[in-house]
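According to the numbering used here, the sequence shown is numbered sequentially starting from 448.
Note that beta-carbon positions come from the ideal geometry of N, C-alpha and C, so glycine has one too.
Read through the structure below, which is laid out as C-alpha cells, and then see the notes.
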Amino acid sequence: MTELSRRAFGTAATAAASSLLVGCSSGGEGVRTTGSASPGATTPQSPPGRHTSAKSGRAVGRSVPVRLRIPAIGVDTPVMRLGLASDRTVQVPPITDHDQAGWYEHSPTPGQTGPSVILGHVTVGAYGDGVFHDLGRLRRGEKVVARLENGTETEFTVTSLRTVAKADFPADDVYGNVSRPELRLITCGGLQDKDGYLDNVIAFAALTSSTSP
448 MTELSRRAFG TAATAAASSL LVGCSSGGEG VRTTGSASPG ATTPQSPPGR HTSAKSGRAV
508 GRSVPVRLRI PAIGVDTPVM RLGLASDRTV QVPPITDHDQ AGWYEHSPTP GQTGPSVILG
568 HVTVGAYGDG VFHDLGRLRR GEKVVARLEN GTETEFTVTS LRTVAKADFP ADDVYGNVSR
628 PELRLITCGG LQDKDGYLDN VIAFAALTSS TSP
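Written as C-alpha cells, this is what we have:
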C-alpha cells in the first residue's frame, strides 16, 4: 500500500471523487454500502480540524484492528476485515455476524494519518440488535478504543456525531483526506420505509493517545 493510501481513504473513492455512499437495505439489515469503489482514486483535501479542535495524538504504524471497545454504549467486539464485493462496493459484515464490526481494509488502520472507516449493523432482521445499535447515543468527548494486531491500543475521542439522510451522505466529510489520525464509525438509523432505514449515523473521532505493548 502506498503512502498516499495509508494517509487517506482516497483509496476507496470513485473515479469521480464522489466516494462510497452508505445505504440501508430492506429486511432490517443494519448497514449496506453502495457505490462503486475504485482503489487508487483520491478525494479532495479536507480542512484540518474540521470537526473539532480535539488534541491530536501521534500517528502510529500500520497494523490492522482486531478489537473495538466503546464503553459508553457497551461495545466490546472483534473486528473483521472488509474488502470489495464483486460489484466494487464495500463489503459489510455478514448478517450472521451482526454483533461484529468491520474495518474497510483500503482505509488507513486506526491510528494512521487519515480517516479509518469501521462499519457495523444497527439491526439485522431476526438476529435483532446489531453491534452499532446504540451508536446514535454517543456524545462528544466519549472514548473509542481500537486494539491493533501488534498489541497497540489506540484511543480516539468522539468529536461529533451526525445523522444524515442517505441521499445526502457527506462523502467528502467521511472519506476526504485529513491531516491527523481519525476514525469514522458508520451505521444506519432514522425512520424506515419499505426499503429500509432512511438515514446514516456517523460518529467522527480523533486519535488522542496510543499505548504500545
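Our two residues, valine 507 and proline 555, have alpha carbons roughly 11 Å apart in a direct line.
Annotated three-state conformation of glycine 583 is helix, per DSSP. Look at valine 507 here: in three-state DSSP terms it is coil, with no helix or strand label.
Glycine 598 sits in coil when the DSSP states are folded into three classes, being neither helix nor strand.
Counting only the Cα atoms, proline 541 lies some 10 Å from glycine 567. Counting along the chain, no beta strand (DSSP E) covers alanine 618; the unbroken alpha helix (DSSP H) around it starts and ends at 618–622. With respect to glutamine 538, glycine 549 sits close: the two C-beta atoms are nearer than 9 Å.
Rounded to whole angstroms, arginine 586 and arginine 516 show a C-alpha spacing of 15 Å.
Under DSSP, the beta-bridge partners assigned to valine 592 are Arg516, Glu602.
For glycine 636, the three-state secondary structure derived from DSSP is strand. In the DSSP assignment, valine 578 forms no beta bridge with any residue. Our two residues, isoleucine 565 and serine 659, have alpha carbons roughly 21 Å apart in a direct line. One thing to note: glutamate 600 has its Cβ no nearer than 9 Å to the Cβ of lysine 590. A Cβ-Cβ contact shorter than 9 Å links leucine 595 with proline 557. DSSP places proline 541 in no beta strand (DSSP E); its state is neither H nor E.
Of Gln639, Asn647, Leu638, Val605, the smallest CA-CA separation from aspartate 615 is found for Asn647. Between the region 630–638 and the region 577–584, the count of C-beta pairs closer than 8 Å reaches three or more; the two stretches touch. With fewer than 16 other CB atoms across the displayed protein chains lying within 10 angstroms of its CB, arginine 584 is exposed.
DSSP, read as helix, strand or coil, puts glycine 561 in strand. Between the alpha carbons of asparagine 597 and aspartate 640 lies a gap of roughly 43 Å.
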